[in-house]
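Residues 1 to 798, numbered by the UniProt record's numbering, are exactly what the sequence shown covers, in order.
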Amino acid sequence: MTSVDETAVDPVCGMTVETNESISRHHEGDDYFFCSQGCAAKFDTDPAGVIAKRAQQNAAHPEQAKNHSCCSNHEHGGSKSANAAVESQPGTIYTCPMHPEIEQVGPGACPICGMDLEPKFASAEDEGDQEQYADMKRRFWGGVALSIPLLILAMGPMVGLDVTKLIPTPYFRWLQFALATPVVFWCGWPLLVRGVKSFQNFNLNMFSLIAVGSLAAFLFSVVVVVAPGLIPEAFYENGVPPLYFEAAAVIITLVLLGQVLELRARQQTGGAIRELMQLAPEIAHRITQSGDEEDIALAEVKHGDRLRIRPGEKVPVDSVVIGGSSTVDESMLTGEPIPVDKSEGDEVTGGTINQSGALEVEATSVGGETVLSRIVQMVADAQRSRAPIQKLVDVVARYFVPAVIVCSIFAFIGWSIWGPEPRLAHAFVAAVAVLIIACPCALGLATPMSVMVGVGRGARDGVLIKNAEVLEVMEKVDTVVVDKTGTLTEGRPEVTWIEPAPDWSREGLLAIAAAVENQSEHPLASAIVRKAKADKIDIQHANQFDAMTGIGVSAQVESRAVLIGSAKLLTDQSIEADQGLIDAANERQAGGATVVFVAVDQQFAGAIGISDPIKESTPAALGTLQDLGLKVIMLTGDAEPTARAVAKELGVDEFHAGVSPQDKHDFVKKLKDQGKSVAMAGDGINDAPALAAADVGIAMGTGTGVAIESAGVTLVGGDLRGIAAAAVLSRKTMSNIRQNLFFAFIYNALGIPIAAGLLYPLFGVLLSPMIAAAAMSFSSVSVIGNALRLKGASLSHS
1 MTSVDETAVD
11 PVCGMTVETN
21 ESISRHHEGD
31 DYFFCSQGCA
41 AKFDTDPAGV
51 IAKRAQQNAA
61 HPEQAKNHSC
71 CSNHEHGGSK
81 SANAAVESQP
91 GTIYTCPMHP
101 EIEQVGPGAC
111 PICGMDLEPK
121 FASAEDEGDQ
131 EQYADMKRRF
141 WGGVALSIPL
151 LILAMGPMVG
161 LDVTKLIPTP
171 YFRWLQFALA
181 TPVVFWCGWP
191 LLVRGVKSFQ
201 NFNLNMFSLI
211 AVGSLAAFLF
221 SVVVVVAPGL
231 IPEAFYENGV
241 PPLYFEAAAV
251 IITLVLLGQV
261 LELRARQQTG
271 GAIRELMQLA
281 PEIAHRITQS
291 GDEEDIALAE
301 VKHGDRLRIR
311 PGEKVPVDSV
321 VIGGSSTVDE
331 SMLTGEPIPV
341 DKSEGDEVTG
351 GTINQSGALE
361 VEATSVGGET
371 VLSRIVQMVA
381 DAQRSRAPIQ
391 KLVDVVARYF
401 VPAVIVCSIF
411 AFIGWSIWGP
421 EPRLAHAFVA
431 AVAVLIIACP
441 CALGLATPMS
451 VMVGVGRGAR
461 DGVLIKNAEV
471 LEVMEKVDTV
481 VVDKTGTLTE
491 GRPEVTWIEP
501 APDWSREGLL
511 AIAAAVENQS
521 EHPLASAIVR
531 KAKADKIDIQ
541 HANQFDAMTG
551 IGVSAQVESR
561 AVLIGSAKLL
571 TDQSIEADQG
581 LIDAANERQA
591 GGATVVFVAV
601 DQQFAGAIGI
611 SDPIKESTPA
621 ALGTLQDLGL
631 KVIMLTGDAE
641 PTARAVAKEL
651 GVDEFHAGVS
661 PQDKHDFVKK
671 LKDQGKSVAM
681 AGDGINDAPA
691 LAAADVGIAM
701 GTGTGVAIES
711 AGVTLVGGDL
721 RGIAAAAVLS
731 RKTMSNIRQN
741 LFFAFIYNAL
751 GIPIAAGLLY
761 PLFGVLLSPM
771 IAAAAMSFSS
781 VSVIGNALRL
791 KGASLSHS
């Protein structure tokens, strides 16, 4: 808020900016500086509101006033890398995956839903919530170690193992107290804290139920140990008041298991970000003013720097070629396996791979401006936008928790006024019985058990489900978007057509072409060599090999001069070809194939067509998807003739050609904005943003690691028929979850009124806390048994 200081704080997002380079506004005598036009526009809309909100945030959290980073560059349109913005600040901003408006410096729990917060910006060094995961795992195994002997002590008499004969009753009670206390107050401490905060913030959720239920069971048992005389004799079991330490411990331990699984899954989802970031090289070769070469860190590359890229190296940043020529593997962007020729004036993209020649380039986009950085942030944003399946339970809990508490309070008041003596003791027991029977064991197990069994069932058929929410969303999918290369097709070029000139045989043409191409590393050359080997043709040795970038190659084979390349190569060498064969070649090219022409001793010898063949399983798989009522749309970075030929052959409903990774991402978002539920199937790095943006991302198991990490479903065999299996699995799993939720709530619906004393005026029947705990346990057993039925479910479409 000053025009004198060298730095200032953006009042909209809190980012520290340099005043001499920032966008500024003058308001009521003060100057305000902004990191981007986006923040300035928000300030213009409501200056007074922005200033008041920033002042309130700084007063409430003074430590964040200096550490808060800006929102992502993708959102604000600024020029700094999102990663750089985070790394340049002392603290990392964490946000909630379900409530992105929640932000704070450092890890913690969301005050609304209780979920663990995660870093807002992607970082290559971030290995996931390692410390949090390790801590939660320690607490879980500590809970297991103490809960097992506690269960044996408490439940032993039910199976003929009565340890009370060996341990006197007072010591027996104190032993259970000693085992349960660390489980509740050390192992379950993070859960209790979240539960307490949920009441403080009036955002009731699953942790509200956990805290109320476990503490009610524990505190009731403490009363039994410390002051057993308060418990009416009518509720005694075998002459002693009951204990519920094991119920409190088991509740905590089961919930900790869910937290461990959640944190583990979150670490895995971060793998896509880390793998994407590793596509860029760590160093770049910068050419100085004197012409010398120096190695610098990637972060030090600036606009206008001249860089040298050697054969086999990755392009460090988005650049334009100013010297040299080469072929560049751009499959990470386009998904197409055929490299692209690059020469002076052409653009190259950071993360792509230079192949055959050295290039001198000038950096045009660095940091967060590069295509790769934007892909990284798109994947991160799309992953965080997904709502977890547990949200359904939290929504129910929002209404269920107050209802249970109200019932417990009314039960206490009713027994205090109208109950028999001792009234307060009866009132306390009735209130505790209500809370115990409402304990969320079955509710907590309802979704995780079905998901666990459903995921295992899918894995048996090669359908790997990474995220639980996939099973919820896949049920509603009505549109399937598929990439072409590696998804519908094999993903690598193969020889599909050989047409020799009249004086040549098919085998002879392939043999001499393979002899020359055996010296080349070009994918098209590799396809010709593979075909020759598959046909058991001996490949001779070639001499004087020369690659002519963008045109073709030449060599000597047994003293014969061989030329292989494009039609332009024949024209430049004044070599005439048979017109009928040229027409056939043009027809093949119109159908999406790449055709190379062969000449020997300045005479036309024939042509070879190379294309990416369609997988054998693709036609049947697409037919099955359409039978399920799903619309199939093909997106590809390939040229329109190739895309049109493939779409026509397969009968897809719609296709779009020449699309970039950004285009695929935007197309998927457009479909979602139209109200479609979208599944995206792909296998390449270029598919990663669209896979992450889709409601369900489906990766081919034969594809890149980035695609697999970005997707919620991986088809191990790369067979599209797995999409249909995933759809059937999701429908059966969600049906199972709904049944489990019914089991979880029906016991509460029946048990809570009985525990509150509804039957006492009519039949003189009271539901003791022990019976309440038994009913609670039975509901959990019902949920588990129902979920296990998914193990035998069929995933075939009928």
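A virtual CB, placed ideally from N, CA and C, is assigned to each residue, including glycine.
Asked, Found
"Helix, strand or coil for Asn518 per DSSP?", "coil"
"In the DSSP assignment, find the beta strand (DSSP E) that holds Leu720 and state where it starts and stops.", "That residue, Leu720, is in no beta strand (DSSP E); it is neither H nor E in DSSP."
"Thinking C-alpha only, which one of Ala511, Asp612, Ala555, His541 is nearest Pro523?", "Asp612"
"Measure how close the beta-carbons of Val652 and Met680 come, nearest whole angstrom, since I'm counting them as under 8 Å.", "Rounded, the Cβ-Cβ distance is 14 Å, inconsistent with contact."
"Quick check on Gly291: buried or exposed, where buried means 16 or more other Cβ atoms within 10 Å of its Cβ?", "exposed"
"Based on DSSP bridge pairs, tell me the residues matched to Ala48.", "Paired residues: none, contrary to the question."
"I'd like to know if the stretch 211–227 and the stretch 244–259 are in contact, where contact means that at least 3 CB-CB pairs between them fall below 8 Å.", "yes"
"Just confirm the distance between the C-beta atoms of Ala692 and Ala430, as a whole number of angstroms; I'd bet it's less than 8 Å.", "That pair is no contact at about 51 Å."
"Mark Lys342 as exposed unless 16 or more other C-beta atoms lie within 10 angstroms of its C-beta, in which case mark it buried.", "buried"
"By how many angstroms is the C-alpha of Thr253 removed from the C-alpha of Met136?", "11 Å"
"Need the endpoints of the alpha helix (DSSP H) that Ala693 sits in, please.", "688–693"
"Under the three-state reduction of DSSP, which class applies to Ala615: helix, strand or coil?", "Note on identity: in this sequence residue 615 is Lys, with Ala being the wrong assignment. Coil at Lys615, not helix or strand."
"Taking the DSSP output, what are the residues bridged to Leu635?", "Asp483, His656"
"Could you tell me which residues DSSP pairs with Pro420 in its beta bridges?", "According to DSSP, which records beta bridges pairwise, Pro420 is partnered with nothing at all."
"Mind reading off the beta-carbon distance from Leu179 to Leu150? Whole number of angstroms is fine, and I expect it under 8 Å.", "4 Å"
"Which residue wins for smallest C-alpha separation from Asp683, given the options Gly606, Ser730, Val481, Leu509?", "Val481"
"Would you kindly check if the distance between the Cβ of Ala643 and the Cβ of Lys531 is under 8 Å?", "no"
"How would you write the range of the beta strand (DSSP E) that Ala299 sits in, first residue to last?", "Where Ala299 is concerned, there is no enclosing beta strand (DSSP E), given that its DSSP letter is neither H nor E."
"Roughly how many angstroms lie between the CA atoms of Val371 and Asp318, to the nearest whole one?", "7 Å"
"Less than 8 Å between C-beta atoms, sequence neighbours within five positions excluded: which residues of the same chain meet that for Trp186?", "Arg139, Gly142"
"In the DSSP assignment, the beta strand (DSSP E) including His27 goes from what residue to what residue?", "23–27"
"One question on the structure: do Asp601 and Ala547 come within less than 8 Å of each other, judged by their Cβ atoms?", "no"
"Look at the alpha carbon of Ser325 and the alpha carbon of Leu509, and state the distance between them as a whole number of angstroms.", "29 Å"
"Report the rounded CA-to-CA distance for Glu576 versus Leu570, giving the unit in angstroms.", "7 Å"
"Per the DSSP calculation, Asp546 is bridged to which residue(s)?", "Ser554"
"Alpha carbon to alpha carbon, what distance is there between Arg731 and Ala724?", "11 Å"
"Opposite residue 818 in the DSSP bridges: which residues?", "Any property of residue 818 remains undetermined from this structure, which presents the chain solely from 1 to 798."
"Going by alpha carbons, who is nearest to Arg194 out of Pro111, Glu131, Gln355, Val255?", "Pro111"
"Would Ile528 and Val495 be called neighbours here (beta carbons separated by less than 8 Å)?", "yes"
"How long is the line joining the alpha carbons of Lys676 and Ala515, rounded to whole angstroms?", "52 Å"
"Could you round the C-beta distance between Pro500 and Ala593 to whole angstroms and report it? I think they count as a contact, below 8 Å.", "Not a contact, Cβ separation roughly 17 Å."
"Does the count of Cβ pairs from the stretch 734–745 and the stretch 783–792 closer than 8 Å reach three?", "yes"
"Counting only C-beta atoms, is Glu300 closer than 8 Å to chain D at any point?", "Here there is only one protein chain, and chain D is not present."
"Between Lys664 and Ala690, how many whole angstroms is the CB-CB distance? I'm expecting something under 8 Å.", "4 Å"
"Once DSSP output is grouped into helix, strand and coil, what is the label at Lys676?", "coil"
"Using DSSP with H/G/I as helix, E/B as strand and the rest coil, what is Lys664?", "helix"
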